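Numbering (the working numbering), first residue to last: 540 to 794.
We put the beta carbon where it would ideally sit given N, CA and C, even for glycine.
Just so it is clear, the structure is predicted and the values come from calculations on it, not from any experiment.
First up is the structure itself, then whatever we jot down about it.
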């Protein structure tokens, strides 16, 4: 990773907070519980800031930026009507579909922005950065999988929904263990056992959304992906070695 002025500050902050956490766990175990929530919060926050800094410096078009913003807004809005249902929400499913179709960068940004935007209505707190990190990780891994498996369908989304639903909830349970119990080993199994049913419900909801909405969502996302794809082709001229052709028109005619 190339270091710039925008990335070096959050990177140093993440390294510093992680180093302090490790040193305290070795030499100041008695005081670690009092500072664990503070240190882990800022560690995750610096990672999220680093992510946004890398996104700002990435070589993407204004159309792609607009598309990511629209997808994040749709995903965040889709979470609000399901807020009364414990862990049943289409966010994870939509973030997985975004990563699979548009790649890891788009998936990561949509995932992290979903938590930040939706919590403006549902309530901000220290859990927000953990949700941003959790859904951002879901989008990143989905994008990496989508690069290797380009023909993922509704069943594939459902399987990913099971795995990533449990992963997301495990990360949030880990944050709850830190914030509420200060890394108390005696409470570790209790926190994760109490959170397990919510993780299962989350995964079941992902499966239902994937099987019910996976086909039209993937079709719509892939149609937009074709519209925004740009290819470089040899135009055969002496003055320019390569020309740029947008595939949107040909993609529309065949969609």
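Is residue i helix, strand or coil when you go by DSSP?
i	result
residue 743	helix
residue 567	coil
residue 772	Low per-residue confidence applies at residue 772: pLDDT is 44, beneath 50, and the placement is therefore not dependable enough to give any value.
residue 691	coil
residue 543	coil
residue 712	helix
residue 627	coil
residue 549	helix
residue 665	coil
residue 675	helix
residue 600	coil
residue 682	helix
residue 642	coil
residue 753	helix
residue 734	helix
residue 704	helix
residue 622	coil
residue 728	helix
residue 650	helix
residue 721	coil
So, at 6 Å on beta carbons, what are the nonlocal neighbours of residue i in its own chain, with the 5 sequence-adjacent residues on each side left out?
i	result
residue 618	628, 630, 657
residue 661	622
residue 714	669
Residues in the same chain with beta-carbon distance under 7 Å from residue i, minus the five sequence neighbours each way, listed in chain order, please.
i	result
residue 727	716
residue 712	730, 731, 734
residue 763	606
residue 778	Caution is warranted here: a pLDDT of 44 is assigned to residue 778, below 50, making its placement in the model unreliable, and the coordinate value is therefore given only provisionally. So the list is empty, once near-sequence residues are dropped.
residue 557	582
Excluding the five sequence neighbours on either side, which residues of its own chain have a C-beta within less than 8 Å of the C-beta of residue i, listed in chain order?
i	result
residue 613	633
residue 709	731, 734, 738
residue 611	648, 649, 652, 653, 656
Between residue i and residue j, is the Cβ-Cβ spacing less than 7 Å?
i	j	result
residue 654	residue 637	no
residue 545	residue 598	no
residue 679	residue 635	no
residue 549	residue 594	no
residue 587	residue 659	no
residue 693	residue 642	no
residue 640	residue 761	yes
So does residue i have its beta carbon nearer than 6 Å to some heavy atom of the ligand SAH?
i	result
residue 638	By its list of ligands, the structure shown contains no ligand whatsoever, and the ligand SAH lies outside what it can speak to.
Between the segment 668-683 and the segment 731-743, can you find at least three pairs of beta-carbon atoms closer than 8 Å? No: the two stretches stay apart, fewer than three of their Cβ pairs being nearer than 8 Å.
*Does the segment 695-705 touch the segment 734-752, meaning 3 or more C-beta pairs lie closer than 8 Å?*
Three or more beta-carbon pairs drawn from the segment 734-752 and the segment 695-705 are found closer than 8 Å, and the two stretches are therefore classed as touching.
Pairing CB atoms from the segment 683-703 with CB atoms from the segment 742-755, are three or more of them under 8 Å? They touch, by the three-pair rule.
The segment 682-692 in contact with the segment 632-649 per 3-pair CB rule at 8 Å = Yes: at least three Cβ pairs fall under 8 Å.
Does the segment 573-588 touch the segment 597-613, meaning 3 or more C-beta pairs lie closer than 8 Å? No: the two stretches stay apart, fewer than three of their Cβ pairs being nearer than 8 Å.
Can at least three beta-carbon pairs, one atom from the segment 544-561 and one from the segment 580-589, be found at a separation below 8 Å?
At 8 Å Cβ cutoff, the stretches touch.
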